[in-house]
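Colleague: The structure is given below, and queries will be raised subsequently.
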Amino acid sequence: MNRDSLTPFEEKLRDSINQCAVSYNRELAKKRFLKEASARFSKKNRSPLSVISWLFHPQLTWSHTAAYTLLIFVIIGLFYIVQPVSGPVQSVQFVYESNQQETQVSRLWLNELQSGNFVMVPKGISAKILLKDQSLLSCSPETQIAVRFGSERNISLQGGAIRVEAAKDTERLMLVQTPFGKIEVIGTVFNIRLDE
Amino acid sequence: MNDSLENRLIEGYPGAFEELFERYADSLMRLSYMLLGQVNDAEDIIQESLISFLEALRSGRYKQEQGTLSAYLRRIVRNRCIDRMKKKGLLTVSLHQIAPTVDDVNQDEKCPLTHLHEKRIRQTIESEIQNMPPLQRTAIIMRLLEEQSHQQIANTLEITIDHVKNLLGRARKRLRESIQPIIEERVS
Chain G
102 MNRDSLTPFE EKLRDSINQC AVSYNRELAK KRFLKEASAR FSKKNRSPLS VISWLFHPQL
162 TWSHTAAYTL LIFVIIGLFY IVQPVSGPVQ SVQFVYESNQ QETQVSRLWL NELQSGNFVM
222 VPKGISAKIL LKDQSLLSCS PETQIAVRFG SERNISLQGG AIRVEAAKDT ERLMLVQTPF
282 GKIEVIGTVF NIRLDE
Chain S
578 MNDSLENRLI EGYPGAFEEL FERYADSLMR LSYMLLGQVN DAEDIIQESL ISFLEALRSG
638 RYKQEQGTLS AYLRRIVRNR CIDRMKKKGL LTVSLHQIAP TVDDVNQDEK CPLTHLHEKR
698 IRQTIESEIQ NMPPLQRTAI IMRLLEEQSH QQIANTLEIT IDHVKNLLGR ARKRLRESIQ
758 PIIEERVS
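Next up, the structure:
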C-alpha cells in the first residue's frame, strides 16, 4: 500500500467535508462570472467596447502586436488623407491687435485658404500668412484674400489691405489680382490697399 | 476528446462558460472556503481562478494532457488561497507550533459516521477545521480534498516533510477528538 494514500479515517473525513455545503450566493456568483467571462472570452457578439478592452489587455499576444501594427498604419494613412499637401500656405498666425497675443489659426480657416478659396481675416485681428515659397503676407483685419500657386504665384485680393514680402523666385512670377487690375511684383516689399 | 468542455470553451460554444461554473464552482468554493474561512474571499478566489483558467486556455498555456481539469482548477484555487494567506502573514511557521508527532496509527479503524449524526459531525468537522491555525488547516485540506502526498504538501507550503506529518497528525487528532463525543453519544 502506498504510504501516502489516505487512511480510512482521512477518507471518512474527506467524504464528510465533501458533503458540506458552503452557503454563498451562487446565482450572483454565477452571474458575475458569466458576465466577465463572456466580456473577455466570448467570440460571438463582440462589442466595440470589448475590442478596446482587449487592446488594452495586460497580457499581450501576437494578435495584439498585429492589431497595433495595423492601427499604426491606419493612423498614418488617415494623417496623409486629411493633411492637405498641395496648398500654397505653410502657416498662418493671427495677431490680436488689442494685446498682441498671438494664436494659431483654426484648422478650418487654414484648410479653406489651402484649397484656394477666399477667406476673410476676422474683425480686429490681423493675419500673417507664410507661404511655401517663404513669402510673407501681412493682412489687416477684414481682408479678403485667396492664394493659388500654379505656373505663377497668384494672390487674389477682394478687399482690405496687405503687405507683401515676396521671396525671390525667378521661374514663377508673383501676381496680385484686384477688382481694379493686376499687379506684377517686381520689388520685394510693397503694400496694397483697396479703398471702396 | 474533441467534444471536451475545454474545446467547447476555446470555440466559444454557447453555454460552455455556464457549464464550467455549474460543474466546478461548488467543489472549488468548498476548497477555497475551507482554506480561507471567509465566504467573500473564497468567492473572489474562485472567480479569479476560473478567469485565469480561461486565460490559460486561450493562450495555450493550459494543456489538456496535463491531468484532469478538476485537479488543475483545484491547484489554481489552492495556490491562490495560499498566496492570499501568505500576504496576510498567516502561513509563517513559528517554533512553538512544532510539537512532538502524534501517533495515530491505531485509531483509524472504527469511525461510524452514522446517518443520523452525519450532519452534526459534518458541522463539527467544518468548524473545527476553520478554527485550526492556517498552516495546519491548509495542510489537512490539501490532504483531504486534493489527496496530495506529504512530499507535495511540503513542497507547496515550503516546509519540511516532518513538519507536514506533524501538522497532519495534530489535525487528525483534533478532528477525532472533536467528533468522538458525538459518536459516543450515539452509541450510548
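Top line first, the protein sequences correspond to chains G and S. Count along the first sequence from 1, add 101, and you get the number used in my numbering. Count along the second sequence from 1, add 577, and you get the number used in my numbering. All residues carry an ideal CB built from backbone N, CA and C; glycine is no exception. Predicted model only: the values in this text are computed from it and were never measured.
1. Examine the Cβ distances between the stretch 610-624 of chain S and the stretch 581-588 of chain S and report whether three or more of them are shorter than 8 angstroms.
2. Decide if PRO109 of chain G is buried, meaning its Cβ has at least 16 other Cβ atoms within 10 Å, or exposed.
3. Under the assumption that GLY260 of chain G contacts GLN245 of chain G (Cβ atoms under 8 angstroms), give the Cβ distance between them as a whole number of angstroms.
4. Taking the alpha carbon of ILE628 of chain S as the reference point, which residue from S:TYR601, S:GLU762, S:HIS727 and S:LYS750 has its own alpha carbon closest?
5. Given a threshold of 16 other Cβ atoms within 10 Å of its Cβ, counted over all protein chains shown, does LYS113 of chain G qualify as buried or as exposed?
6. Excluding five sequence neighbours on each side, which residues of the same chain lie with their C-beta closer than 7 angstroms to the C-beta of ALA593 of chain S?
7. Which bits of chain G does GLN624 of chain S rub up against, with CB to CB less than 9 angstroms?
8. Going by other Cβ atoms of all chains shown within 10 Å of its Cβ, with 16 needed for buried, is TYR197 of chain G buried or exposed?
9. For VAL123 of chain G, which of S:LEU597, S:GLU588, S:ASN617 and S:GLU596 has the nearest alpha-carbon?
10. SER626 of chain S and ARG607 of chain S - do their beta-carbons sit closer together than 8 angstroms?
11. List the residues that DSSP assigns as beta-bridge partners of GLY592 of chain S.
12. Return no unless some Cβ of chain G is closer than 8 angstroms to the Cβ of GLU761 of chain S.
13. Just to make sure I have the definition right: I need the residues of chain G whose C-beta is within less than 9 angstroms of the C-beta of PHE594 of chain S. Which are they?
14. Are the Cβ atoms of ALA268 of chain G and GLN235 of chain G separated by less than 8 angstroms?
15. What are the start and end residues of each continuous alpha helix (DSSP H) run of 4 or more residues lying completely inside the stretch 204-263 of chain G, in chain order?
16. Assign GLY282 of chain G to one of two classes, buried (16 or more other C-beta atoms within 10 Å of its C-beta) or exposed (fewer than that).
17. How far does the alpha helix (DSSP H) with GLN278 of chain G in it reach, from first residue to last?
18. Measuring only the C-alpha atoms, how far is LEU238 of chain G from LEU258 of chain G?
19. What do you reckon, are the CB atoms on GLU595 of chain S and LEU135 of chain G nearer than 8 angstroms?
20. May I have the straight-line CA-CA distance separating ALA130 of chain G from GLN624 of chain S, to the nearest angstrom?
21. Taking only beta-carbon positions, decide if ASP234 of chain G is within less than 8 angstroms of chain S.
22. What are the residues in the stretch 628-647 of chain S lying within 9 angstroms of chain G by C-beta distance?
23. Report yes if the CB atom of LEU232 of chain G is closer than 8 angstroms to the CB atom of GLU253 of chain G, and no otherwise.
24. Please state whether DSSP places GLY288 of chain G in a helix, a strand or coil.
25. Between the C-alpha atoms of LEU745 of chain S and ARG133 of chain G, what's the straight-line distance to the nearest angstrom?
26. Report yes if the CB atom of GLN194 of chain G is closer than 8 angstroms to the CB atom of ALA247 of chain G, and no otherwise.
27. By the three-class DSSP mapping on this structure, what secondary structure does GLN624 of chain S have?
28. Determine whether the Cβ of VAL123 of chain G lies closer than 8 angstroms to any Cβ atom of chain S.
29. Roughly how many angstroms lie between the CA atoms of HIS727 of chain S and GLU735 of chain S, to the nearest whole one?
30. Compare the C-beta of PHE157 of chain G with all C-beta atoms of chain S and state if any pair is closer than 8 angstroms.
31. Closest to ARG751 of chain S by C-alpha separation, out of S:PRO710, S:ILE653, S:PHE630 and S:GLU761, would be which residue?
32. Specify the secondary structure class of GLU266 of chain G as computed by DSSP and reduced to three states.
33. From the DSSP secondary-structure annotation, give me the bridge partner or partners of VAL123 of chain G.
34. Which residues in chain G have a C-beta closer than 9 angstroms to the C-beta of LEU582 of chain S? List them in chain order.
35. Determine the DSSP secondary structure at PHE142 of chain G, reduced to helix, strand or coil.
36. Which of helix, strand or coil does DSSP assign to LYS665 of chain S?
Modeller: Checking against the coordinates, here is how it stands:
1. no
2. Locating residue 109 of chain G in the first sequence gives position 8, counting from the first residue. Exposed.
3. Along the first sequence, one-based indexing puts residue 260 of chain G at 159. Along the first sequence, one-based indexing puts residue 245 of chain G at 144. Yes, GLY260 of chain G and GLN245 of chain G are in contact; Cβ-Cβ is about 4 angstroms, under 8 angstroms.
4. One-based indexing of the second sequence puts residue 628 of chain S at position 51. Ranking S:TYR601, S:GLU762, S:HIS727 and S:LYS750 by Cα distance to ILE628 of chain S puts S:TYR601 first.
5. Along the first sequence, one-based indexing puts residue 113 of chain G at 12. Buried.
6. Working through the second sequence from its first residue, we reach residue 593 of chain S at position 16. So the qualifying residues of the chain are LEU582, ARG585 and LEU586.
7. Residue numbering aside, residue 624 of chain S sits at position 47 when the second sequence is read from its first letter. Neighbours of GLN624 of chain S on chain G, chain order: ALA130, ARG133, PHE134 and GLU137.
8. For this step, residue 197 of chain G is matched to residue 96 along the first sequence. Exposed, since its Cβ has fewer than 16 Cβ neighbours within 10 Å.
9. Here residue 123 of chain G corresponds to residue number 22 of the first sequence, with the count starting at 1. Comparing Cα-Cα distances from VAL123 of chain G to each of S:LEU597, S:GLU588, S:ASN617 and S:GLU596, the minimum goes to S:ASN617.
10. If you number the second sequence from 1, residue 607 of chain S lands on position 30. If you number the second sequence from 1, residue 626 of chain S lands on position 49. No, Cβ-Cβ distance for ARG607 of chain S and SER626 of chain S is not below 8 angstroms.
11. The count along the second sequence starts at 1 and reaches residue 592 of chain S at position 15. None, per the DSSP bridge assignment.
12. Locating residue 761 of chain S in the second sequence gives position 184, where the first residue counts as 1. Not closer than 8 angstroms to any Cβ of chain G, the Cβ of GLU761 of chain S fails to qualify, so no.
13. Working through the second sequence from its first residue, we reach residue 594 of chain S at position 17. Residues of chain G passing the Cβ test: PHE134, LEU135, ALA138, SER139, PHE142 and SER143.
14. In the first sequence, residue 268 of chain G corresponds to position 167, counting from 1. In the first sequence, residue 235 of chain G corresponds to position 134, counting from 1. Taking 8 angstroms as the Cβ cut-off, ALA268 of chain G and GLN235 of chain G qualify as a contacting pair.
15. 208-215
16. For the purposes of this step, residue 282 of chain G is taken as the residue at position 181 of the first sequence. Result: exposed.
17. Position 177 of the first sequence holds residue 278 of chain G. It is not in any alpha helix (DSSP H) - GLN278 of chain G instead sits in the beta strand (DSSP E) that spans 275-279.
18. In the first sequence, counting from the first residue as 1, residue 238 of chain G sits at position 137. In the first sequence, counting from the first residue as 1, residue 258 of chain G sits at position 157. About 11 angstroms.
19. Working through the second sequence from its first residue, we reach residue 595 of chain S at position 18. Working through the first sequence from its first residue, we reach residue 135 of chain G at position 34. Result yes, Cβ atoms of GLU595 of chain S and LEU135 of chain G sit closer than 8 angstroms.
20. Reading the first sequence from its first residue, position 29 is the one you call residue 130 of chain G. Reading the second sequence from its first residue, position 47 is the one you call residue 624 of chain S. Distance between the alpha carbons of ALA130 of chain G and GLN624 of chain S: 8 angstroms.
21. Taking the first residue of the first sequence as 1, we reach residue 234 of chain G at position 133. Not closer than 8 angstroms to any Cβ of chain S, the Cβ of ASP234 of chain G fails to qualify, so no.
22. ILE628, LEU631, GLU632, LEU634, ARG635 and SER636
23. Walking along the first sequence from the start, residue 232 of chain G turns up at place 131. Walking along the first sequence from the start, residue 253 of chain G turns up at place 152. Contact: no.
24. Sequence index remark: in the first sequence, residue 288 of chain G carries index 187 (1-based). Three-state DSSP puts GLY288 of chain G in coil, outside helix and strand.
25. Residue numbering aside, residue 745 of chain S sits at position 168 when the second sequence is read from its first letter. Residue numbering aside, residue 133 of chain G sits at position 32 when the first sequence is read from its first letter. About 36 angstroms.
26. Stepping through the first sequence from its first residue, residue 194 of chain G is reached at position 93. Stepping through the first sequence from its first residue, residue 247 of chain G is reached at position 146. Result no, Cβ atoms of GLN194 of chain G and ALA247 of chain G do not sit closer than 8 angstroms.
27. Sequence index remark: in the second sequence, residue 624 of chain S carries index 47 (1-based). Reduced to three states, the DSSP call for GLN624 of chain S is helix.
28. By one-based count along the first sequence, residue 123 of chain G stands at place 22. Cβ-Cβ to chain S under 8 angstroms: yes for VAL123 of chain G.
29. One-based indexing of the second sequence puts residue 727 of chain S at position 150. One-based indexing of the second sequence puts residue 735 of chain S at position 158. Rounded to the nearest angstrom, the two C-alpha atoms are 12 angstroms apart.
30. Taking the first sequence and counting its residues from 1, one reaches residue 157 of chain G at position 56. It does not; no Cβ of chain S falls within 8 angstroms.
31. Your numbering for residue 751 of chain S matches position 174 in the second sequence. It is S:PRO710 whose Cα lies nearest to the Cα of ARG751 of chain S.
32. Indexing the first sequence from 1 puts residue 266 of chain G at position 165. GLU266 of chain G: strand per DSSP, three-state reduction.
33. Taking the first sequence and counting its residues from 1, the one referred to as residue 123 of chain G is at position 22. DSSP output for VAL123 of chain G lists no bridge partner at all.
34. Here the question's residue 582 of chain S lines up with position 5 in the second sequence. Simply none; closest approach about 13 angstroms.
35. On the first sequence, residue 142 of chain G is found 41 positions in, with the first residue counted as 1. It is helical.
36. Here residue 665 of chain S corresponds to residue number 88 of the second sequence, with the count starting at 1. Here LYS665 of chain S sits in coil by DSSP.
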